[in-house]
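> One structure, pasted below without further comment.
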Amino acid sequence: MEVTPLLSADITLPLANFALAAEFTLRDNSITALFGHSGSGKTSLLKVLAGFDKTPGNNVRFKGQPWQDQQHFVPCHRRHIGYVFQQPQLLPHLTVLDNLRYAYRRRFHDDGPSIEELCRWLALDDLLSQYPGSLSGGQQQRVAIARTLASNPALILMDEPVSALDADSREEILNYLEQLHRRLSIAIVYVSHNIEEIHRLADDVIILQQGKIVQQGPVLELANLLDSPLHGRQHTLLEAEVCHYDSQWQLTTVNIGDNQTLQLSSHPTTIGHRLRLRIPASNVSITLAGGDNSSSIINYLDARIISIDEDDRGSALVRLDVQGQPLLAKLTRKSVHQLQLTPQQQVVAQIKGVAMLSDQARNISDASTL
Amino acid sequence: MEVTPLLSADITLPLANFALAAEFTLRDNSITALFGHSGSGKTSLLKVLAGFDKTPGNNVRFKGQPWQDQQHFVPCHRRHIGYVFQQPQLLPHLTVLDNLRYAYRRRFHDDGPSIEELCRWLALDDLLSQYPGSLSGGQQQRVAIARTLASNPALILMDEPVSALDADSREEILNYLEQLHRRLSIAIVYVSHNIEEIHRLADDVIILQQGKIVQQGPVLELANLLDSPLHGRQHTLLEAEVCHYDSQWQLTTVNIGDNQTLQLSSHPTTIGHRLRLRIPASNVSITLAGGDNSSSIINYLDARIISIDEDDRGSALVRLDVQGQPLLAKLTRKSVHQLQLTPQQQVVAQIKGVAMLSDQARNISDASTL
Amino acid sequence: MLSTDDYLAIYLTLQLAATTTVVLLLICIPCGWWLANSRWRIKPLLEAIIALPLVLPPTVIGFYLLVMMAPQGVIGQLWGGLFDSTLPFSFTGLLIGSVIYSLPFVMQPLQNNFERIPKDLLNAAATMGASPLDRFVTVVLPLSKTSIITAASLGFAHTIGEFGVVLMIGGNIPGETQLISIALFDRVENLQYQQAHILAAGLMIFSVVTLVLLYSLNSNKRGGSIWK
Amino acid sequence: MLSTDDYLAIYLTLQLAATTTVVLLLICIPCGWWLANSRWRIKPLLEAIIALPLVLPPTVIGFYLLVMMAPQGVIGQLWGGLFDSTLPFSFTGLLIGSVIYSLPFVMQPLQNNFERIPKDLLNAAATMGASPLDRFVTVVLPLSKTSIITAASLGFAHTIGEFGVVLMIGGNIPGETQLISIALFDRVENLQYQQAHILAAGLMIFSVVTLVLLYSLNSNKRGGSIWK
Amino acid sequence: QSLRVAVAANFKPALELLQPEFERQTGIKLRLSAASSGVLFAQISHGAPFDVFLSADVDRAEALETLGLVVAGSRQTYAFGTIALISKQADRTQDELITDISNSAVGRLAIANPQTAPYGVAAQQLLSCWQQQAVFARAVRGNNIAQVMHYAATDTVDIAVIAQSLWPGFNRVVQQPWYLYPVPSDCYQPLEQQLVILQSSRNTAAAKRLVAFLLSAESQQVIAGQGYLQAQSQTR
Ligand SMILES: Nc1ncnc2c1ncn2[C@@H]1O[C@H](COP(=O)(O)OP(=O)(O)OP(=O)(O)O)[C@@H](O)[C@H]1O
Ligand SMILES: Nc1ncnc2c1ncn2[C@@H]1O[C@H](COP(=O)(O)OP(=O)(O)OP(=O)(O)O)[C@@H](O)[C@H]1O
Ligand code: MOO
Ligand SMILES: [Mg+2]
Ligand SMILES: [Mg+2]
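Sequence lines, in order, name chains F, W, Y, V and S.
Here this note's numbering runs 554 ahead of the position in the first sequence, where the first position is 1.
Here this note's numbering runs 554 ahead of the position in the second sequence, where the first position is 1.
Here this note's numbering runs 48 ahead of the position in the third sequence, where the first position is 1.
Here this note's numbering runs 48 ahead of the position in the fourth sequence, where the first position is 1.
Here this note's numbering runs 28 ahead of the position in the fifth sequence, where the first position is 1.
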């Protein structure tokens with residue numbers, strides 16, 4: 555049985571050097587990352603969804619209702635969406651507080667966060683009486699995000715919302731977005747150049763190239779495509795279920811397949827919750843012997859080599875299969891030869907346990923500040 | 555003997571919620587990273603250096619000449635600086651090409667890159683006849699960078715120049731900046747929230763907090779301060795000399811202290827060159843036994859434990875000393891206890907060789923596209 | 049020094065100038081916005097027609113307005129059908145004349161201003177649920193404050209100073225359609241230079257004071273400018 | 049239909065309007081820029097004084113200009129000392145009168161426009177080595193194109209239509225200071241309605257055509273607007 | 029050779045009628061600048077380069093003489109202006125006209141402004157003569173007599189007091205019929221119009237020839253045909 559998607563779109567829009575031609579759907583209550591090179595059409599796509607562009611020939615349906623097609627055009631202010639612009643676009647004649655109130659007074663649903671909550675969470679309290687002209691770039695971006703959340707929309711379109719923010723602010727905002735999207739039934743389309751952000755937040759990914767969609771699907775399937783092999787950065791993205799929490803050592807054990815478990819140090823987790831884990835390929839090494847008690851490495855997984863790709867800079871990417879779960883390992887070519895690794899060989903993958911924490915696990919219950 | 559710094563500044567400037575109060579110097583031919591939370595005064599500081607702000611009470615000297623003090627004020631256009639704004643600020647009435655020409659015609663020195671070179675390198679060729687209004691955010695930022703380079707200034711101030719760019723473009727631009735700063739005698743002040751960027755590019759760091767400088771100095775010394783312990787991300791930043799290149803396996807061996815070497819896969823390197831290496835603490839594990847031929851890990855260093863800091867999430871940060879070179883390792887608390895690690899203990903640090911490549915080594919000669 | 053007729057004329061002038069300014073703003077703010085956003089092919093023609101009152105001498109405009117407002121004229125017949133009064137020599141007639149005459153001075157700066165309101169700012173307001181009218185009132189108008197003040201002061205001042213048009217359609221009836229500009233003109237014509245000087249000085253001082261107040265208010269207020 | 053005097057008047061009018069517009073732009077572009085950037089306390093006063101020609105009836109302005117330009121007047125004495133000619137009833141005199149009269153219509157839109165040029169755009173040009181003058185020419189002026197066109201068209205049209213001032217200082221001398229507006233006025237005054245209609249229609253058609261061309265040019269050209 | 033003549037607006041049509049004959053006789057070109065007498069006075073007193081000034085009244089000519097701006101002895105009367113009533117209704121007797129005037133609503137009677145136009149003074153005199161001072165307050169005032177004609181020509185008024193000299197021109201242009209009612213000359217003071225030759229004239233001789241021409245019997249005849257009384261007809 556087909557589920558009606560939250561939103562379905564079929565967009566054709568001529569741009570300066572090429573035409574945008576994208577057909578896609580968004581799932582309800584999901585975060586969809588929009589990924590692509592600079593100038594690939596991400597912003598243009600969002601603007602069509604928002605209803606800024608009335609060029610005919612685009613079809614967008616939301617919850618089964620037409621937003622735009624040959625006959626209809628629902629104007630932007632009746633789409634009940636939120637939009638965080640690439641440049642903040644605050645109302646320059648209103649103070650920060652009045653900018654927030656502007657959105658809050660016109661909010662689409664009543665169950666959203668209050669202005670006080672937003673200010674506390676986005677650390678805006680000191681800025682309330684300032685005009686946007688006297689805010690720093692990052693401060694403006696925070697206000698823009700708060701403003702969008704204040705109107706409590708059903709679909710939020712975010713165009714690189716945290717690109718001007720420092721790591722801490724970014725972390726808090728991402729945390730909040732995760733919470734929000736789990737608490738409220740809200741869908742988010744999120745443009746980002748940051749693969750880590752996408753790995754962390756996204757449920758689905760749409761990859762744009764020169765205005766065309768080259769890949770779309772769940773982030774867990776497409777994660778590798780997002781990594782740029784050029785820079786030697788590859789990751790395995792996986793979701794796993796918590797099966798044990800060791801409160802003495804604050805170690806969470808997750809199940810990633812039949813009898814294969816990983817341990818990671820973390821805040822307390824709840825058994826049964828699913829966590830998203832990200833394992834940099836460079837954190838995975840391969841050994842032919844078994845576990846080793848004299849090393850601080852605590853994760854050893856039985857794996858089968860699927861393929862080995864060598865590059866021209868002395869590295870090799872080894873694709874492993876751990877009970878059906880793919881895993882990437884990055885080795886030196888020398889090691890590959892010394893260990894005489896070949897496809898189909900059974901090996902042990904060593905993963906540095908703590909490395910997994912470089913991602914905040916998705917469901918850690920006290921990670922939020924709300 | 556004191557060397558006169560390239561630039562020395564003593565700045566006092568009232569802002570909305572606090573006053574900027576910063577005294578610092580820039581070394582000649584160096585990249586200084588300006589780091590700090592959103593709203594900490596980074597942009598405001600750059601604007602004073604650029605000469606946009608005539609508020610009295612600021613002293614800036616450049617190459618021994620006063621740029622501004624009680625008596626003098628050298629206006630912006632005679633400071634021969636480049637400025638990449640946080641928002642691109644392209645001239646909206648000129649095409650991309652004319653924007654570049656605008657800078658090029660007024661360039662300060664003749665030995666800089668030509669417009670053709672800049673276009674090739676920043677991939678602007680397709681955009682030349684467009685007006686800024688029809689460029690994407692990232693395209694605008696690239697044009698803004700190209701424009702600044704076209705005027706070939708003696709000091710470049712860059713305010714988050716690559717924050718709107720995707721990984722590939724970012725990589726190319728950073729590469730170019732490295733080249734540039736080595737080829738020409740040019741100093742760069744670089745505002746960034748991205749620690750990796752700073753690790754990679756910066757010689758010196760200035761850390762701002764609420765308008766005050768809380769730390770300043772060489773990046774190798776301050777690197778740890780930049781890492782945010784909150785997110786479990788710590789790195790060791792170190793510089794090492796190439797002592798061998800194995801062309802069969804494309805492995806570079808670098809010397810990081812008496813008889814202590816590291817191997818990393820890479821493009822060919824030149825013996826004697828210094829490379830900057832970045833080792834995520836999570837890539838370092840500790841073992842009590844020696845090297846292990848059955849593992850793909852190829853780097854083993856003898857180390858002494860300096861200190862062990864446990865956090866509340868099951869991790870421990872172990873500070874190691876490798877012949878005077880500090881090294882951070884991130885372990886689970888459980889491992890620390892199982893291995894019974896204590897300060898002063900001699901251990902072996904295992905580093906996944908390939909992990910080091912996640913940083914482009916500084917002097918890899920063919921890394922540039924220019 | 050000044051006669052009662054003069055005081056009446058001053059009063060009437062202020063009343064006319066104020067009413068004209070209000071009417072002009074009521075017309076030009078929406079129409080200027082519409083013009084600024086219209087992509088109609090005819091737009092340049094409309095703009096040219098709005099600018100027309102500029103190129104004809106006021107008295108001539110007055111003459112043609114008189115022709116049109118006369119009971120058999122286009123406007124006159126229309127008006128006569130609706131109301132039991134005639135337009136020429138009435139305050140309403142003066143008002144219509146002043147409005148037409150000053151229209152371009154108010155319309156052009158406003159339209160020019162409206163054309164510069166950043167589209168994405170309005171889009172931002174729209175995403176927050178602001179309807180077109182809401183956006184116009186809460187975004188466009190506040191951002192246009194300076195221009196509206198400029199336009200209104202041009203319109204107001206121009207109505208005070210204008211006299212060709214009102215002389216013609218007003219008929220210079222003391223206490224009804226005699227304005228200060230006409231009274232001043234009469235003095236000059238009549239070699240009563242002394243009184244003319246007094247009237248002119250009074251008018252100038254009043255205007256300077258009003259304008260200085262207006263402009264300093266305008267330049268002091270922060271936050272109203274879009275591009276700082 | 050039209051007499052040689054009329055053709056002379058048309059020629060003279062166009063010459064005067066064009067010269068006035070050029071002079072006004074030469075004055076108002078730098079002064080408007082200066083006013084837009086000045087933080088002088090006196091600024092509102094200056095602005096008010098510039099707006100003054102608006103509030104006085106043209107004939108009255110003409111009268112005072114006449115008084116000042118007369119050989120015994122302030123300006124007249126100065127002029128007489130420099131040149132061996134008198135100002136009133138000369139083309140130069142007309143020019144000065146027109147310029148003063150139309151000043152606010154050109155100055156205000158320009159100043160208003162200049163106040164909106166984003167500071168950081170100028171800063172950006174400065175970092176590329178552009179001196180203040182260079183920035184003004186290469187950034188401010190191109191970004192002000194629409195406003196300059198608006199201002200120039202207001203000034204040009206207003207000079208064509210103006211007649212109170214020029215009647216007073218010009219003296220309506222055929223072939224020397226008789227302008228089309230005065231010729232038209234004369235026709236109306238002399239009840240030569242037929243000729244008046246022709247002249248008025250000609251003037252209007254000319255203006256509409258010119259303005260339509262101007263406005264469509266202006267709206268077609270892309271890339272000139274800052275905030276799209 | 030040419031002369032610059034500043035002529036009061038009301039006399040311009042008459043002068044234009046005489047102009048070809050004068051130019052033919054003397055070969056001197058006339059360049060006429062018409063405006064209201066007040067404007068012309070202001071201009072002349074501030075150095076306007078005219079040779080001859082034909083005022084619509086005595087006062088302004090006299091004032092210029094007092095200022096010493098005229099050639100001594102050149103001030104002379106060249107015509108007397110007369111007024112007339114015009115009405116939209118035909119065949120009215122004087123009494124009927126007076127009733128029409130007294131019944132006229134606000135804005136239905138047009139006269140020239142006595143403050144600026146000599147014809148306005150005459151009109152005021154006429155109203156007093158007919159005991160209609162009250163009507164004066166609600167009359168429409170043209171700032172000069174030409175404006176009064178416009179009001180009539182556009183049918184915005186029903187009755188108007190005009191300069192008789194403008195009637196022929198007026199009658200030519202109006203579509204709806206209007207009717208002329210000459211006014212008995214004992215009810216108002218005919219308007220004595222004087223001319224002066226200006227001191228600043230560089231061509232006094234030619235100016236004198238123009239004056240002589242205007243005062244010649246033939247010219248006076250033509251002037252009389254334009255609704256004026258001849259200069260010699262009244263003596264004071
Ligand atoms: N024009 C101004 N007038 C007064 N205060 C200002 C002005 N511009 C910025 N500020 C304030 O000064 C502080 C520093 O701003 P600045 O733009 O320098 O921050 P920043 O470090 O560049 O931040 P970000 O990383 O967000 O760009 C902020 O608190 C801001 O509100
Ligand atoms: N108003 C416009 N008119 C015509 N072409 C445009 C317009 N705006 C953008 N473009 C072009 O469309 C393409 C896509 O632009 P868009 O802004 O959607 O890119 P983007 O994916 O958001 O890039 P970035 O990551 O740099 O923001 C670009 O090549 C750009 O030059
Ligand atoms: O001076 Mo006149 O003739 O009243 O118009
Ligand atoms: Mg974009
Ligand atoms: Mg900043």
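Even for Gly, the Cβ is constructed at its ideal location relative to N, Cα and C.
Please report whether the beta-carbon of Gly203(V) lies at a distance below 8 angstroms from any beta-carbon of chain S.
By 1-based counting over the fourth sequence, the position of residue 203(V) is 155. No, because no Cβ of chain S sits closer than 8 angstroms to the Cβ of Gly203(V).
> Note down the Cα distance separating Gly272(Y) from Ser683(F), rounded to an integer number of angstroms.
As a position in the third sequence, residue 272(Y) is number 224, starting the count at 1. As a position in the first sequence, residue 683(F) is number 129, starting the count at 1. Note that Gly272(Y) scores 37 on pLDDT, short of 50, meaning its location in the model is unreliable; the coordinates nonetheless yield the value given after this. Using only the alpha carbons, I get a separation of about 14 angstroms.
> Ignoring anything shorter than 3 residues or poking outside the segment 579-620 of chain W, list the beta strand (DSSP E) runs there in chain order.
Runs found: 585-590 and 613-616.
> Of all the alpha helix (DSSP H) runs that stay within the bounds of the segment 152-236 of chain S, which reach a length of 4 or more residues?
As far as the segment 152-236 of chain S is concerned, its whole alpha helix (DSSP H) runs of at least 4 residues are 161-164, 173-181 and 195-201.
> Kindly indicate which residue of Pro78(Y), Glu224(Y) and Pro190(Y) has the alpha-carbon position closest to the one of Arg169(S).
Reading the fifth sequence from its first residue, position 141 is the one you call residue 169(S). With distances taken between Cα atoms, Arg169(S) lies closest to Glu224(Y).
> Which word fits Thr841(F), buried or exposed, when buried means at least 16 other C-beta atoms lie within 10 angstroms of its C-beta?
Here residue 841(F) is taken as the residue at index 287 of the first sequence, counted from 1. Answer is buried; the Cβ neighbour count reaches 16.
> Roughly how many whole angstroms lie between the Cα atoms of Val154(V) and Thr69(Y)?
Against the fourth sequence, residue 154(V) aligns to sequence position 106. Against the third sequence, residue 69(Y) aligns to sequence position 21. So the alpha carbons of these two residues sit roughly 20 angstroms apart.
> Just tell me which of Gln900(W), Asp720(W) and Leu711(W) has its CA closest to the CA of Ser690(W).
Taking the second sequence and counting its residues from 1, one reaches residue 690(W) at position 136. It is Asp720(W) whose Cα lies nearest to the Cα of Ser690(W).
> Let's see if you can read the secondary structure: which residues bound the alpha helix (DSSP H) around Glu237(Y)?
Here residue 237(Y) corresponds to residue number 189 of the third sequence, with the count starting at 1. Looking at the DSSP string, the run of the alpha helix (DSSP H) that includes Glu237(Y) is Ile228 to Glu237.
> So with Cβ pairs under 8 angstroms, would you call Arg183(Y) a contact of chain V?
Counted from its first residue, the third sequence places residue 183(Y) at position 135. Chain V, which has no Cβ nearer than 8 angstroms to the Cβ of Arg183(Y), makes this no.
> For Trp275(Y) and chain V, any beta-carbon pair shorter than 8 angstroms?
Working through the third sequence from its first residue, we reach residue 275(Y) at position 227. Because Trp275(Y) carries a pLDDT of 36, less than 50, the predicted location of this residue cannot be relied on, and the following value inherits that uncertainty. Interface residue, yes.
> I need the DSSP call for Ile496(W), collapsed to helix, strand or coil.
Missing from the structure shown is residue 496(W); chain W here goes from 555 to 924 and no further.
> Can Ser839(F) and Ser849(W) be called in contact, C-beta distance under 8 angstroms?
Looking up residue 839(F) in the first sequence gives position 285. Looking up residue 849(W) in the second sequence gives position 295. Result yes, Cβ atoms of Ser839(F) and Ser849(W) sit closer than 8 angstroms.
> State the start and end residues of the unbroken beta strand (DSSP E) segment that holds Tyr799(W).
Within the second sequence, residue 799(W) is the residue found at index 245, counting from 1. That run of the beta strand (DSSP E) goes His789 to Asp800.
> Given a cut-off of 8 angstroms, decide if Phe233(V) and Thr198(Y) are closer than it, judged by their beta-carbon atoms.
Walking along the third sequence from the start, residue 198(Y) turns up at place 150. Walking along the fourth sequence from the start, residue 233(V) turns up at place 185. Not closer than 8 angstroms, so no.
> By Cβ distance below 7 angstroms, which residues in the same chain neighbour Gln694(W) in space, the five residues on each side in sequence not counted?
Position 140 of the second sequence holds residue 694(W). Contacts found: Pro642, Leu644 and Pro686.
> I'd like to know if Ser705(F) contacts chain Y, where contact means its C-beta is closer than 8 angstroms to some C-beta of that chain.
Within the first sequence, the letter at position 151 stands for residue 705(F). Output row for Ser705(F): interface = yes.
> Taking 7 angstroms as the limit between beta carbons, can you name the residues of its chain near Tyr149(Y), skipping five residues before and five after?
Indexing the third sequence from 1 puts residue 149(Y) at position 101. Taken in chain order, the residues that qualify are Pro101, Pro106, Ile109, Glu210 and Val213.
> Are there 16 or more other CB atoms within 10 angstroms of the CB of Ser213(S), so buried, or fewer, so exposed?
Within the fifth sequence, numbered from 1, the residue matching residue 213(S) stands at position 185. The residue in question, Ser213(S), is exposed, as its Cβ has fewer than 16 Cβ neighbours within 10 Å.
> For Thr807(W), which of Val743(F), His663(F), Ile860(F) and Thr886(F) has the nearest alpha-carbon?
Taking the first residue of the second sequence as 1, we reach residue 807(W) at position 253. Checking every option, the nearest Cα to that of Thr807(W) belongs to Thr886(F).
> Name, going along the chain, the residues of the segment 166-199 of chain S whose beta-carbon falls closer than 8 angstroms to a beta-carbon of chain Y.
Here the close residues are Arg166, Ala167, Val168, Arg169, Gly170, Asn171, Gln175, His178, Tyr179, Thr182, Asp183 and Thr184.
> Taking CB distances under 8 angstroms as the criterion, tell me whether Leu102(V) reaches chain Y.
Counted from its first residue, the fourth sequence places residue 102(V) at position 54. It does; some Cβ of chain Y falls within 8 angstroms.
> Should Leu142(Y) be flagged as near chain S, meaning a C-beta pair shorter than 8 angstroms?
Within the third sequence, the letter at position 94 stands for residue 142(Y). So no, Leu142(Y) is outside the interface.
> Short check: CB of Arg858(W) to CB of Ser819(F), under 8 angstroms?
Start at 1 with the first residue of the second sequence, and residue 858(W) comes out as number 304. Start at 1 with the first residue of the first sequence, and residue 819(F) comes out as number 265. No, Cβ-Cβ distance for Arg858(W) and Ser819(F) is not below 8 angstroms.
> Residues of chain W with CB closer than 9 angstroms to the CB of Val188(V), please, in chain order.
In the fourth sequence, counting from the first residue as 1, residue 188(V) sits at position 140. Those do not exist, as Val188(V) stays about 10 angstroms from chain W at its closest Cβ, beyond 9 angstroms.
> What did DSSP end up calling Arg183(V) once you bin it into helix, strand or coil?
Within the fourth sequence, numbered from 1, the residue matching residue 183(V) stands at position 135. In the structure shown, Arg183(V) sits in a helix (DSSP, three-state: H, G or I).
> Mind checking Leu911(F): buried by the 16 CB within 10 Å criterion, or exposed?
In the first sequence, residue 911(F) corresponds to position 357, counting from 1. With a pLDDT of 39 at Leu911(F), under the threshold of 50, the modelled position of that residue is not reliable, and no figure is offered here.
> Spell out whether any CB of chain V is found under 8 angstroms from the CB atom of Tyr656(W).
For the purposes of this step, residue 656(W) is taken as the residue at position 102 of the second sequence. Interface residue, yes.
> Name the chain Y residues that come within less than 7 angstroms of Val260(V), Cβ to Cβ?
Start at 1 with the first residue of the fourth sequence, and residue 260(V) comes out as number 212. Ordered by position in chain Y, the residues that pass the 7 angstroms Cβ test against Val260(V) are Pro92, Leu93 and Ala96.
> Quick one: does the C-beta of Lys193(Y) sit closer than 7 angstroms to a heavy atom of ligand 4?
In the third sequence, residue 193(Y) corresponds to position 145, counting from 1. Every heavy atom of ligand 4 is 7 angstroms or more from the Cβ of Lys193(Y), so no.
> Within the same chain, show all residues whose beta-carbon is closer than 6 angstroms to that of Leu561(F), passing over the 5 residues directly before and after it, in chain order.
Residue numbering aside, residue 561(F) sits at position 7 when the first sequence is read from its first letter. Cβ within range, chain order: Leu580 and Phe616.
> Counting by C-beta, which residues lie closer than 6 angstroms to a heavy atom of ligand 4, in chain order?
That gives Lys596(F), Thr597(F), Gln640(F), Asp713(F), Ser690(W) and Gly691(W).
> Buried or exposed: which applies to Val122(Y), given that a residue is buried once 16 or more other Cβ atoms fall within 10 Å of its Cβ?
The residue labelled residue 122(Y) in the question sits at position 74 within the third sequence. Result: exposed.
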